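In the working numbering, the protein residues as written are 244 to 345. Just so it is clear, CB atoms sit at the ideal spot from N, CA and C, and this is done for glycine as well. Note that the structure is predicted; figures quoted are calculated from it, not measured.
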């Protein structure tokens with residue numbers, strides 16, 4: 244996934260602090276494995292911060308660039324991420340790789 248500056252999110256410490264890099268690297272490898280597969284797949288890249296919160300049912304859906312708020316933050320509640328997953332199952336988008344966030 245790309246950062247708003249054009250580089251990879253994994254290389255941007257504003258989104259991926261050093262302590263999270265190992266997990267982010269595994270996710271990047273997982274995405275690359277999906278991209279190499281010719282079958283039917285879909286991959287949701289979450290925003291930088293995913294934590295328990297309020298289910299609002301409101302979120303934005305993007306493609307391969309991490310979604311950010313006006314203040315540059317990138318997040319979503321686990322509850323709204325679940326809503327996004329169900330929405331994708333019920334009404335699949337055209338993109339195999341997408342992201343969600345506020």
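Top-ranked residue by Cα proximity to residue 307, from 278, 265, 264: 278
- prompt: Tell me the DSSP bridge mates of residue 342?
  reply: 288, 305
Exercise. Mind checking who residue 318 pairs with in its DSSP beta bridge?
Key: 292
Would you tell me roughly how many angstroms separate the C-alpha atoms of residue 301 and residue 282, rounded to the nearest one? 30 Å
- Query: Would residue 335 be called buried (16 or more neighbouring beta carbons within 10 Å of its own) or exposed?
  - Reply: exposed
Next item on the list: Go to residue 266, then tell me how far its alpha helix (DSSP H) extends in each direction, as first and last residue.
Entry: 264-279
Just how far apart, CA to CA, sit residue 273 and residue 315?
-> 26 Å
- Count the other CB atoms within 10 Å of the CB of residue 299; is the residue buried (16 or more) or exposed (fewer)? exposed
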